[in-house]
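Before any comments, here is the structure.
There are 2 protein chains.
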Amino acid sequence: MEAVSFKQKMQLAREDVILEAVNHLLASKGFELMTVDEVAAEAGIAKASLYRHFASKEELAAAAMVRMLDQALALADSLPEQAGPVEKLQALARWAMQTQLAGQMPALPHANSALVGALSRHQVYLERVFRLSDRMGEWIVQAQEQGLLAADLPPQLILYNLFARACDPVLHFLKVSGAHSDEEIIALLLRTTFTGLAR
Amino acid sequence: MEAVSFKQKMQLAREDVILEAVNHLLASKGFELMTVDEVAAEAGIAKASLYRHFASKEELAAAAMVRMLDQALALADSLPEQAGPVEKLQALARWAMQTQLAGQMPALPHANSALVGALSRHQVYLERVFRLSDRMGEWIVQAQEQGLLAADLPPQLILYNLFARACDPVLHFLKVSGAHSDEEIIALLLRTTFTGLAR
DNA sequence: GTCTATACGTAGATAGAC
DNA sequence: GTCTATCTACGTATAGAC
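Below is the structure:
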């Protein structure tokens, strides 16, 4: 079975190159403006060959989203056990913002996009989203019990607020202004997220 | 000249109907997915007639953005003089979130959209953006001087953070969850924006 | 100024050779 | 499994009659 395994590895490597291109294009132009021709060109493959690996443009984007969620889950698993829940949540938010600033965070599609419908029926994607939400949800509740996060805020609101850092337009505008380094931008947004604009 | 004035009024009214449709469609699907056919259908006008009023799809969207910015500027002008700077900023953020929840806030285009280039060269649009930024910028600095907002945060960051409430995806997800009324959602997000998730 | 009808470009997806 | 070439659908924009 070694030949099969090798072939499979080659196929996975090829698909990883494709998804890298999808990630980049989704981050820079979003789903609607990304064309399959561009993906094929950036991956160095013919469009028809690409369609042998992924059945549709939606499948292509979904695979990129799953890949990104897997990276987030891997980071969640790699965090030291003794770290506090807020530190863990901040580590994930920091990673999401770094990824966005690096132009590698696939952008959220708009509500009526064909992608939204496809994702809402995509079992693999949904499983990743739920798994990451569960992980973060536990930390949020712990942090609230320990008095580290406001206990009277709905945990769901906190979760959404953290997810939203991955696509926060403030990151982009601050970067374009040129007045701050990436690390400074992330520190500023972590601060406003957790302690707000006041005081 | 009364006939001309009447004709102009009719034309403005017609264009207002068109822009209402544009606003709604921009809010629900974004610029790329909005088609000029849909705008014409929703406005009850033929597509060719629509192009007599607006030279391109980009002009159509820009006009809708200008209309929205004019509403924000009118609100800013109508705020009581004796109100504090933070109250004024919150009033604008509240209005932006209400407008988004009502499905009337035209969505930000993605970075590489044709719309971005058109807007960045659209003098009328730019003037409105600068004017609103200046108004809010003064209030931000006042609030910082009075110790009501963190004085060590860049005013620009505060400004962007407030603008971002107009397109915050958290609003949409909280609304879909069905657990809160619109007013509750707005109150929650005003709180997290100004005092954060902590404590 | 409004309409119907159409030109023109482009994007997703596929056929079929190798 | 990869390629070139092509199909089909659709969206922007315009022509031309009234």
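As they're listed, the protein sequences go chains A and P.
Quick note on this note's numbering: the first sequence kicks off at 1 and runs consecutively.
Quick note on this note's numbering: the second sequence kicks off at 1001 and runs consecutively.
By construction, the Cβ of each residue, glycine as well, lies at the ideal position given by its N, Cα and C atoms.
Keep in mind that this is a model prediction, so the values were computed, not measured.
Nearest in C-alpha terms to residue 1194/P, of all of 1138/P, 1090/P and 1175/P, is 1090/P. Taking a Cβ-Cβ threshold of 7 Å, the residues of chain P close to residue 149/A are 1197 and 1198, in chain order. Checking the DSSP bridge columns, you'll see residue 198/A partnered with 1149/P. Taking CB atoms only, residue 158/A has a neighbour in chain P less than 9 Å away. Bounds of the alpha helix (DSSP H) holding residue 1117/P are 1114-1120.
In the three-state scheme derived from DSSP, where H, G and I count as helix and E and B as strand, residue 18/A is classed as helix. Of the other Cβ atoms in all chains shown, fewer than 16 fall within 10 Å of the Cβ of residue 1077/P; this residue is therefore exposed. Neighbourhood of residue 172/A in chain P, by CB distance below 8 Å: 1111, in chain order. Assignment of residue 1037/P by DSSP, reduced to helix, strand and coil, places it in the helix class.
Its chain contains 36 as the residues whose beta carbon lies nearer than 6 Å to that of residue 57/A, once the 5 sequence neighbours on both sides are disregarded; these appear in chain order. Between the stretch 1016-1025 of chain P and the stretch 94-110 of chain A, the count of Cβ pairs shorter than 8 Å is below three; the stretches do not touch.
Interface flag for residue 1029/P against chain A is set, since a Cβ pair is found closer than 9 Å.
Assignment of residue 1159/P by DSSP, reduced to helix, strand and coil, places it in the helix class.
If one requires a minimum length of 4 residues, the alpha helix (DSSP H) runs lying completely within the stretch 1041-1103 of chain P are 1047-1053, 1057-1078 and 1085-1101, in chain order. For the pair residue 183/A and residue 1110/P, the CB atoms are not nearer than the 9 Å cut-off. Within chain P, no C-beta atom comes less than 8 Å from the C-beta of residue 181/A; the nearest is roughly 13 Å away.
Bounds of the alpha helix (DSSP H) holding residue 172/A are 169-177. Neighbours of residue 169/A across chain P, judged by C-beta separation under 9 Å: 1108, 1160, 1163, 1164 and 1167. Not a single C-beta of chain A is nearer than 9 Å to the C-beta of residue 1099/P.
Non-local beta-carbon contacts of residue 174/A in its own chain, meaning distances under 7 Å to residues more than five positions away in sequence, involve 180 and 185 in chain order. Taking CB atoms only, residue 191/A has a neighbour in chain P less than 9 Å away. Between residue 66/A and residue 143/A, the gap from beta carbon to beta carbon reaches 9 Å or more.
The contact set of residue 120/A on chain P, defined by CB atoms closer than 9 Å, is empty, because the minimum CB distance reaches about 11 Å. Listed in chain order, the non-local C-beta contacts of residue 101/A below 8 Å within the same chain comprise 171, 175, 182, 185 and 186, local neighbours out to five positions each way being set aside. Legend: CB atoms of the stretch 30-55 of chain A lying less than 7 Å from CB atoms of chain P belong to residues 30, 32 and 33. Comparing alpha carbon positions, the residue from 166/A, 40/A and 148/A closest to residue 1196/P is 148/A. Closest by C-alpha distance to residue 98/A, out of 17/A, 27/A and 122/A, is 27/A.
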